[in-house]
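Q:
Numbering (the numbering used here), first residue to last: 1 to 61.
1) Please name the residue or residues paired with residue 27 in a DSSP beta bridge.
2) Please state whether DSSP places residue 44 in a helix, a strand or coil.
3) May I have the straight-line CA-CA distance separating residue 53 from residue 8, to the nearest angstrom?
4) For residue 36, I'd like the list of residues in its chain whose CB is within less than 6 Å of its CB, leaving aside the five on either flank, ordered along the chain.
Okay, structure coming up:
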């Protein structure tokens, strides 16, 4: 439940804009977020291996 509440908290607009942080929409991980692809590095690697991320080969990550 703690993780679900943190995901819900991250979706809300913070009182101050400095408090906002990115969270992976797929797994909810707050660390290692890649803004260019809008997901964390673990989800990015899984999707890149399956070929779901266009223009990415193994040597580029």
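Cβ atoms here follow ideal geometry from the backbone N, Cα and C, with glycine treated the same way.
A: Quick look at the numbers:
1) Paired residues: none, contrary to the question.
2) helix
3) 26 Å
4) none
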